[in-house]
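*Asks:*
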Ligand SMILES: Cc1cc2nc3c(=O)[nH]c(=O)nc-3n(C[C@H](O)[C@H](O)[C@H](O)COP(=O)(O)OP(=O)(O)OC[C@H]3O[C@@H](n4cnc5c(N)ncnc54)[C@H](O)[C@@H]3O)c2cc1C
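Numbering (the numbering used here), first residue to last: 35 to 444.
#1: Should residue 218 be labelled buried (16 or more other beta-carbon atoms within 10 Å of its own) or exposed?
#2: Shortest alpha-carbon distance to residue 87 belongs to which of 108, 241, 190, 199?
#3: From the DSSP secondary-structure annotation, give me the bridge partner or partners of residue 62.
#4: Going by beta carbon distance, what residues of the same chain come within less than 6 Å of residue 194, once the five residues before and after it are set aside?
#5: When you compare the CB of residue 211 with every CB in chain D, is at least one pair closer than 8 Å?
#6: Are the CB atoms of residue 301 and residue 42 nearer to each other than 8 Å?
#7: Does the Cβ of residue 359 have 16 or more other Cβ atoms within 10 Å, making it buried, or fewer, making it exposed?
#8: Bridge partners for residue 362 per DSSP, in chain order?
#9: Confirm the yes/no value for this check: CB of residue 251, any heavy atom of ligand 1, distance under 7 Å.
#10: Please list the segments of the alpha helix (DSSP H) lying wholly inside the region 294 to 344, counting only runs of 4 or more residues, in order along the chain.
#11: Judging by CA-CA distance, which residue of 73, 382, 136 is the nearest neighbour of residue 187?
#12: Taking the CB atoms as reference points, tell me whether residue 345 and residue 154 lie closer together than 8 Å.
#13: At what residue ranges does the region 137 to 176 contain a whole run of the beta strand (DSSP E), taking only runs of 3 or more?
#14: Please list, in chain order, all residues of the same chain as residue 68 whose beta carbon is under 7 Å from its beta carbon, the five residues on each side excluded.
#15: Give the straight-line distance between the Cα atoms of residue 378 and residue 273, rounded to the nearest whole angstrom.
#16: Taking the alpha carbon of residue 285 as the point to measure from, which residue in 263, 246, 296, 271 has its own alpha carbon closest?
#17: List the endpoints of the continuous beta strand (DSSP E) containing residue 54.
#18: For residue 177, collect the residues of the same chain with a Cβ closer than 7 Å to its Cβ; drop the 5 residues on either side in sequence, then sort them by chain order.
#19: For residue 209, which of 183, 148, 203, 230 has the nearest alpha-carbon?
#20: Do you know how far the Cα of residue 422 is from the Cα of residue 430?
#21: Can you list, in chain order, the residues of its chain whose CB lies under 7 Å from that of residue 412, leaving out five sequence neighbours each side?
#22: Mind checking whether the beta-carbon of residue 166 lies closer than 7 Å to any heavy atom of ligand 1?
#23: Given the structure, does residue 68 come close to ligand 1, in the sense that its CB is under 7 Å from one of the ligand's heavy atoms?
#24: Can you tell me where the beta strand (DSSP E) with residue 29 in it begins and where it stops?
#25: From this set, 395, 197, 405, which residue's C-alpha is nearest residue 233's C-alpha?
#26: State the Cα-Cα distance for the pair residue 354 and residue 143, rounded to the nearest angstrom.
#27: In this structure, does DSSP put residue 287 in helix, strand or coil?
#28: Could you tell me whether the Cβ atoms of residue 374 and residue 432 are closer together than 8 Å?
#29: From the DSSP secondary-structure annotation, give me the bridge partner or partners of residue 101.
#30: Restricting to Cα atoms, I'd like to know which of 59, 71, 90, 65 is closest to residue 79.
#31: At a cut-off of 7 Å, is residue 415 close to ligand 1 when judged by its beta-carbon and the heavy atoms of the ligand?
#32: Answer yes or no: do residue 162 and residue 254 have a C-beta to C-beta separation smaller than 8 Å?
Here you go:
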């Protein structure tokens with residue numbers, strides 16, 4: 035029987051919940067809004083399936099990468115509604131065109147983020163674009179297994195931990211499975227997302243005198259001001275009025291809570307599958323800093339979004355070749371990415387924010403925007419104070435002595 039003694043190691047992939055033959059495991063939300071397995075011990079038959087499907091109990095090795103590429107979708111309209119270069123869209127469309135099934139994360143009608151599947155071209159666009167919330171994976175692994183056993187090609191896309199969870203759940207190599215993940219900074223709490231979207235709806239409705247208002251569109255990665263300065267964007271409507279709201283990720287409180295590691299799942303600061311361990315056939319990423327390496331390549335540096343594509347398997351490389359006509363693709367040396375600080379999430383986990391606990395302790399007590407801003411400000415003040423202290427000490431004892439003492443303390 036799975037015993038979750040250290041919650042901070044659980045990524046919530048839900049492989050244990052989906053593999054349990056007696057359905058005695060349920061995924062339940064904790065006070066921070068993340069799902070964790072809860073076991074009904076009376077119904078457990080001690081089969082051990084949940085234990086062997088759990089990432090915590092498995093040594094996951096790093097793998098050699100096959101190739102790295104820079105790429106963009108030739109269709110600017112697709113790139114515009116994708117987060118980076120629109121590569122996912124082309125992979126997904128290819129699979130559907132060949133009677134395959136695509137799994138991905140989308141908004142449901144309440145704007146919660148869930149995993150779902152489709153074999154319809156007109157529905158695949160609901161998966162486009164990064165949603166900065168942990169998706170509820172539901173029964174997706176079971177559903178994927180069902181289609182795989184039928185012999186259908188399945189493209190399963192998700193976070194690295196969702197892909198690792200799927201592979202452990204399946205525990206068998208399927209030649210008709212293609213797995214796709216992305217370089218993942220971390221994954222924010224669905225509860226923070228729920229509180230924030232309620233607040234945004236309230237703010238916009240109040241400012242504009244809207245009655246019975248609702249969202250008709252939400253994007254975490256709008257390119258309204260270009261790809262580099264991506265915006266949180268939404269459209270709020272009522273019977274008479276339509277209001278469009280967009281705010282740069284540099285000032286948007288929800289994005290700040292995510293990027294400053296305030297609202298993220300605890301395990302993300304000690305990710306078990308970072309560093310090429312997820313088992314995915316292909317990994318996508320934003321090609322931040324592309325202009326440093328490809329300054330003369332006007333296609334890649336047009337500020338409409340460029341992707342990094344890393345392939346690990348022949349399956350991944352083969353699929354990429356099949357979509358070559360619809361994307362602009364160039365092979366790049368992998369070192370170009372790994373040595374760049376902008377891509378540190380490939381190998382480094384998110385940092386522990388010292389104000390995270392305070393933030394979550396106050397989540398039901400104070401307004402979400404105030405809570406985020408207050409705790410972000412505390413972090414900034416602390417950073418400034420430390421910088422000031424460092425400079426003052428260096429001025430007194432000299433830079434060299436300071437560096438010496440610091441390295442000794444490490
Ligand atoms: C939470 C999160 C953190 C990320 N962190 C980084 C990072 O630190 N560095 C970096 O370079 N790139 C990061 N990315 C990935 C990046 O932003 C792009 O999504 C990726 O490069 C693919 O872009 P695209 O234009 O090809 O396709 P897009 O259309 O933008 O990608 C959509 C794909 O992402 C999946 N997806 C979207 N939201 C979720 C979600 N909540 N859970 C699971 N799957 C989801 C969809 O199912 C679909 O497969 C992150 C993405 C997410 C969702």
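Just so you know, even glycine gets a beta-carbon here, dropped at the ideal spot from N, CA and C.
*Replies:* Quick look at the numbers:
#1: As a position in the chain shown, residue 218 is number 184, starting the count at 1. Burial call: buried.
#2: Stepping through the chain shown from its first residue, residue 87 is reached at position 53. Out of 108, 241, 190, 199, 199 has the C-alpha closest to the C-alpha of residue 87.
#3: Residue 62 sits at position 28 when you count from the first residue of the chain shown. The partner list for residue 62 (beta bridge, DSSP) reads 70.
#4: As a first step, residue 194 must be located in the chain shown, where it is residue number 160. Closer than 6 Å at Cβ, skipping near neighbours: 215, 218, 307, 312.
#5: Chain labels in this structure do not include chain D; a single protein chain is all it has.
#6: Within the chain shown, the letter at position 267 stands for residue 301. Within the chain shown, the letter at position 8 stands for residue 42. Yes. Within cutoff.
#7: Looking up residue 359 in the chain shown gives position 325. The residue in question, residue 359, is exposed, as its Cβ has fewer than 16 Cβ neighbours within 10 Å.
#8: Here residue 362 corresponds to residue number 328 of the chain shown, with the count starting at 1. 106.
#9: Mapped onto the chain shown, residue 251 falls at position 217. The answer is no for residue 251.
#10: Positions of the alpha helix (DSSP H) runs, each at least 4 residues long and wholly inside the region 294 to 344, are given as 324 to 327 in order along the chain.
#11: Translated into positions along the chain shown, residue 187 becomes position 153. Closest by alpha carbon: 136.
#12: Here residue 345 refers to the residue found at position 311 of the chain shown. Here residue 154 refers to the residue found at position 120 of the chain shown. Cβ distance not < 8 Å, so residue 345 and residue 154 don't count as in contact.
#13: With a minimum length of 3 residues, the unbroken runs of beta strand (DSSP E) contained wholly in the region 137 to 176 fall at 147 to 152.
#14: As a position in the chain shown, residue 68 is number 34, starting the count at 1. Cβ neighbours of residue 68 beyond the five flanking positions: 46, 168, 223, 299.
#15: In the chain shown, counting from the first residue as 1, residue 378 sits at position 344. In the chain shown, counting from the first residue as 1, residue 273 sits at position 239. In this structure, the CA atom of residue 378 is about 46 Å from the CA atom of residue 273.
#16: As a working mapping, residue 285 is identified with position 251 in the chain shown. Just measuring C-alpha positions, the residue of 263, 246, 296, 271 sitting nearest residue 285 is 263.
#17: Numbered from its first residue, the chain shown carries residue 54 at position 20. Counting along the chain, residue 54 falls outside any beta strand (DSSP E), and DSSP gives it neither H nor E.
#18: For this step, residue 177 is matched to residue 143 along the chain shown. The beta carbon of residue 177 sits closer than 7 Å to the beta carbons of 151 from its chain, once the five residues preceding and following it are set aside; these are given in chain order.
#19: Here residue 209 is taken as the residue at index 175 of the chain shown, counted from 1. Check the Cα spacing between residue 209 and each of 183, 148, 203, 230: the tightest is with 183.
#20: Indexing the chain shown from 1 puts residue 430 at position 396. Indexing the chain shown from 1 puts residue 422 at position 388. Rounded to the nearest whole angstrom, the C-alpha separation of residue 430 and residue 422 is 13 Å.
#21: The residue labelled residue 412 in the question sits at position 378 within the chain shown. For residue 412, same chain residues with a beta-carbon under 7 Å away, outside a window of 5 residues either side, are 389 in chain order.
#22: Here residue 166 corresponds to residue number 132 of the chain shown, with the count starting at 1. Residue 166 Cβ: within cutoff of ligand 1.
#23: On the chain shown, position 34 is the one that residue 68 refers to. Residue 68: no, Cβ never under 7 Å from ligand 1.
#24: Only positions 35 to 444 of the chain appear in this structure, which leaves residue 29 out of reach.
#25: Taking the chain shown and counting its residues from 1, the one referred to as residue 233 is at position 199. Considering only alpha carbons, the answer is 405.
#26: Counting from 1 along the chain shown, the entry for residue 354 is found at position 320. Counting from 1 along the chain shown, the entry for residue 143 is found at position 109. Spanning the alpha carbons of residue 354 and residue 143 requires a straight line of approximately 33 Å.
#27: Reading the chain shown from its first residue, position 253 is the one you call residue 287. DSSP places residue 287 in the helix class (H, G or I) of the three-state scheme.
#28: To locate residue 374, count along the chain shown from 1; it is residue 340. To locate residue 432, count along the chain shown from 1; it is residue 398. Not in contact: residue 374 and residue 432 (Cβ atoms no closer than 8 Å).
#29: Within the chain shown, numbered from 1, the residue matching residue 101 stands at position 67. Paired residue(s): 345.
#30: Taking the first residue of the chain shown as 1, we reach residue 79 at position 45. When only C-alpha atoms are compared, the closest one is 59.
#31: One-based indexing of the chain shown puts residue 415 at position 381. Residue side-chain check: residue 415 keeps its Cβ at 7 Å or more from all non-hydrogen atoms of ligand 1.
#32: The residue you call residue 162 lines up with position 128 of the chain shown. The residue you call residue 254 lines up with position 220 of the chain shown. Going by C-beta atoms, residue 162 is not nearer than 8 Å to residue 254.
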